[in-house]
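Following: one structure in structure tokens, then a few remarks.
Shown next, in the form of structure tokens:
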């Protein structure tokens, strides 16, 4: 009953790369604090940042067959997003699959499960965000959906959405929102640039953001230490 | 109903730096195996060691407003200690707040919650021990206590206590105990120095610590393998 | 009631080193996906790989006394395997014990509990796989079994079994199976070598492994995107 | 930036009640093993089973304001589905909100966070599935979306979808699929009825499902015990 | 180095019982959302509610010796509060210790660790809140502090403080605050009584609490469904 | 490569029932604090106690095929012990399999994974200890070993060993040790009987077990409260 959807649309590459210029935290803020995957997904090496278009792939528990199916659907600039149909920590992915993905232009992997061969993946510079590291292998008995919408680490991902991942985690930007979010990121970064300089000079956030009145209204009181 | 206590006393800087010369494990042992924060707090980069006087700060769940309040209370040599009033893994702290803290002489952060911008914090060399890494931002709606005693990762911390943190974790030394503990640390280290040389030469701990009789009394038996 | 078994047999060193030339994932696959310890065991530094003969040691919760007992039973080429008799995250092991083990030729530590002094252990290059890092010290009141079979992180380990550990985790090869498994590893690696070249050239796993017919039989369907 | 969508369509009540006649496990199987929320959601009392139309409600961490907003959108037969915008275990919901929901015909609550007043909720017979129980209260400072699609415990839920929950967990049936899934459930239950009788009479599943040949093909071997 | 403090003061019994008339959630709110132990502490049977004066007791990991010491310090109306000096899930407490505590008038147990004999404790009606259930026994080798201040499940507890526990969890009221908090609880309950009636009659919280204007100011918008 | 071992020996039924007369905590103590499964295994209803001979069964992740195979090997008085070859929380077992097991005289289930249909299993009075409850179904593609030794929740189990489970957890008694352990349990229970009466009469454990001298030697000091 599994399905592979062919020729799904991708976000424009220029937009992907533009978003990739911003960090995950900035993008998450800029799109209204949505789209952030659960913090259990961590990179296998640091520092790292990558952006790509989602190549989505479900996997059965302990079964990585559909990842092989997904490789054929890959296009340069994709980033593979794998979610198990029930929670599983097995090592679904290793050096051979990474070699195959690289040959097809895939930029990295986000997986809500385990990976292995992380020494080799690190040497290759193939970026991976995973729930865990495990040498536990998988079987090839049950295919699952490829290039259909899925929920990965708590976030709905459609094929072709933008996925940006760095040391802080993984964020998804829906394809239709990419231009708007990139613009909001730029505004946010411009604003932070000026704030950073003032903070570095010792000015207080309390003053820069004029928080003192609001804090008083919310009941904050100052007292002297009696010690 | 939140309170900021101003001008709380700090432990003397010389004592802080003296304690900072010892590792967390040594200090923990030297003060009778107390004061160690839960091991869920991990550094964002390694190796690292820092010591400072506690600048304590509570935060509401998903709300980092009081960290901005805390910056104003900072003094050079402080180390910011942040504990949420209920468990929360959001990314309360990032590069801008670190920039501000550095400008006021704060040496690092210990937080029983999440942080973000860890690539930038690592580049800055700003040491952080946190429960997790998360790009999830926070709001500024609910102030909380600053420079009051709090429980962080299972340990009671008073403003001005000594906090030492390294690759192994975080330990708190009460202000009044700092001199005594520093002295006990030195004695422990002197003792270990001699033991290390004997162990490196192949002498057994069983003999150095004269454990054999006590082990026999506690029922330890030796048998030959029958394989 | 604790027992120390003396002079237990070890796997032949040449076999140990032969197995050590393969990674944990390869060995795990080659012996039929058995013997892999739970993925909660992680190395304190990376990259790392080591192989040794199991020197087994139980410990009481919060009590590392039997590790001192185990050192006396060590032989060059051993790898210490420590399992608590009930779950415990304390820091059972640090730099002094490592110094002692190195003096007796022990190659590393696998422990389903906590360790400390990880900065020093890293500097020494002493490899450790542990469940957690904790500065929490232990007492010496209750001896436990040394060189008896034990379950560590879900795997039965007999003294003298081969333990191989790397960035991916820890795997145990029973002494009697070592030669057969080493042989199976070599076959597997030879096979992967050829596959890797074909995958790197862009050939699909679907074709290399002739999966297409079987996938169709299992109900996989391909559809065109309608977007 | 939060939105409330008014007058969203609901699944027909007869279909909801028809689905409510089947258990969660049956529905999950009948719709192809999809739609099951993470098993961390557990009922506060047992046995229990309820079905309703999803009244969806996001909440900020530690902030239950939007639940008050959601009550106004409730219609008889709804089941409230609450998901925090970042993980939080606070007690968002208690007896007063339940009293209000009951007055508007809401049948129960599914929440990927904490609840409190569980003694009172149990006495009222108000069914709740939650991630945890916590007396920790929440604030009312940050509104969030009501009656928009959300991801709850790993499952995408649209307003008006069918939610069925029992001792085994929580499953979501998309509004458009409800009739088809109800039909598949009935077929599955009819089939199980006959199987149950044969199994109770001692017939083996190996024979009923004619598994023996396939098991042999997959390599299963039978050997006699040599003990 | 362990200490037993004798004849520590207790909160007045009438105040304890007055507080025991309120639930944990009410008390937690009434004292400004402080004093709540971590939600990992759960009762072994439900429904249950008890209030008592804290009889504090530290225990070494895997060692319940100091609980025996604590029994001698018990007075009628006490509630035993046990915290391990490092995290441990062993079963520190069972039927025999409960029998002993009952004989000395102790009303229940709060323990941030494991308990056993829960069938017998349930039959006895002896209330226990614990982190887990485990049959794993403990040794008696290392004494720890009794009737000193300790941190239990994240909350600082002084001997003689009021501890109230029910289905929702465990809350601590400092001895000096008991009268004030009891008064605040009564006010809160009176207020809720009136609100409950209005909510049960179908009035909306939005109106009762006059939230509509504030929600609009915070940006909440209402839109019609377009489906 | 999976194997079914036929006609493995069982522990004598009288011994099994004799051991079943003791609780898990007593047996665990009586055999020297060994054989206790991890406390994550919890019963689906309480109170409950059962004893049986282990019918061991491995399962692939997300695949319950071998449970069907195991049923054929069952004998009256067996208790099914299921362990996945890699960690998995799916619902491997439900009412139909229980119906089949009951027809063959199996007394219950211990599984280091998930179960479903717990309302029906509770109504049937079929005792189950599991890691979790999940409606997530499984496939039948990969057979695994039946009636071979396995590690379940950290304990090595041989077919035919005695498994006793109650509200406190699950303990395994090796077949060859059953008589000796039953005898030790009886002695322990006789001893506790007398102690219970003295404790109920208010006598202190400190005196019954003559602990005072030893506590003093270990450094316990008594001081008066200065409050």
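Residue numbers (our numbering), protein chains in the order written: chain A, 1 to 227; chain B, 1 to 227; chain C, 1 to 227; chain D, 1 to 227; chain E, 1 to 227; chain F, 1 to 227.
In this text, a Cβ means the ideal position worked out from N, Cα and C, and glycines have one as well.
Neighbour flag for residue i against chain H, beta carbons, 8 Å
i                     : result
residue 69 of chain E : Included in the structure are the protein chains A, B, C, D, E and F, with no chain H among them.
Local conformation of residue i per DSSP, three classes
i                      : result
residue 66 of chain E  : helix
residue 266 of chain A : The question about residue 266 of chain A has no answer here: the residues shown for chain A are numbered 1 through 227.
residue 203 of chain D : coil
residue 56 of chain F  : strand
residue 41 of chain A  : coil
Counted within 10 angstroms of its Cβ, other Cβ atoms place residue i as buried (16 or more) or exposed
i                      : result
residue 87 of chain D  : buried
residue 209 of chain D : exposed
residue 221 of chain D : exposed
residue 81 of chain C  : buried
residue 28 of chain E  : buried
residue 52 of chain B  : buried
residue 64 of chain F  : buried
residue 68 of chain E  : buried
residue 49 of chain E  : buried
residue 225 of chain B : exposed
residue 201 of chain E : exposed
residue 124 of chain E : exposed
residue 194 of chain D : exposed
The alpha helix (DSSP H) enclosing residue i, as first and last residue numbers
i                      : result
residue 102 of chain C : 95–103
residue 196 of chain C : 178–200
residue 156 of chain F : Careful: residue 156 of chain F lies outside any alpha helix (DSSP H), inside the beta strand (DSSP E) at 155–157.
residue 239 of chain F : What the structure shows of chain F is the stretch from 1 to 227, and residue 239 of chain F is not part of that stretch, so it cannot be assessed.
residue 213 of chain F : 212–217
residue 119 of chain C : 118–124
Residue i - partner residues in DSSP beta bridges
i                      : result
residue 111 of chain E : E/82 and E/130
residue 166 of chain D : D/49 and D/169
residue 36 of chain C  : C/171
residue 91 of chain E  : E/114
residue 139 of chain A : A/63
Residue i - containing beta strand (DSSP E), residue span
i                      : result
residue 106 of chain F : Looking at the DSSP string, residue 106 of chain F is not in any beta strand (DSSP E), and its letter there is neither H nor E.
residue 6 of chain F   : 3–6
residue 224 of chain B : 221–224
residue 150 of chain D : 150–152
Proximal chain F residues relative to residue i, where beta-carbon distance stays under 8 Å
i                     : result
residue 28 of chain D : 135, 136 and 137
Per-residue contacts from residue i into chain B (C-beta, under 7 Å)
i                    : result
residue 1 of chain E : 32
Neighbour list for residue i in chain A, Cβ cutoff strictly below 8 Å
i                      : result
residue 114 of chain B : 39
residue 58 of chain B  : None at all; the shortest Cβ gap to chain A is about 12 Å.
Interface residues of chain A facing residue i [CB-CB closer than 7 Å]
i                      : result
residue 142 of chain F : 139 and 141
Chain E contact residues for residue i, given Cβ-Cβ distances below 8 Å
i                      : result
residue 132 of chain D : 39
Residue i beta carbon near the ligand GTP (any heavy atom closer than 7 Å)
i                     : result
residue 65 of chain B : What this structure holds is no ligand at all, so the ligand GTP is not there to describe.
Residue i: contacting residues in chain C (beta-carbon distance under 8 Å)
i                      : result
residue 174 of chain B : Neighbours of residue 174 of chain B on chain C: none; closest Cβ ~17 Å, over 8 Å.
Contact set between residue i and chain F, taken where Cβ atoms lie within less than 7 Å
i                      : result
residue 177 of chain E : Those within 7 Å of residue 177 of chain E in chain F number zero; the least Cβ separation is about 16 Å.
Beta-carbon neighbours of residue i, restricted to chain A and to distances below 9 Å
i                     : result
residue 85 of chain B : What residue 85 of chain B touches in chain A: nothing, since even the nearest Cβ is about 15 Å away.
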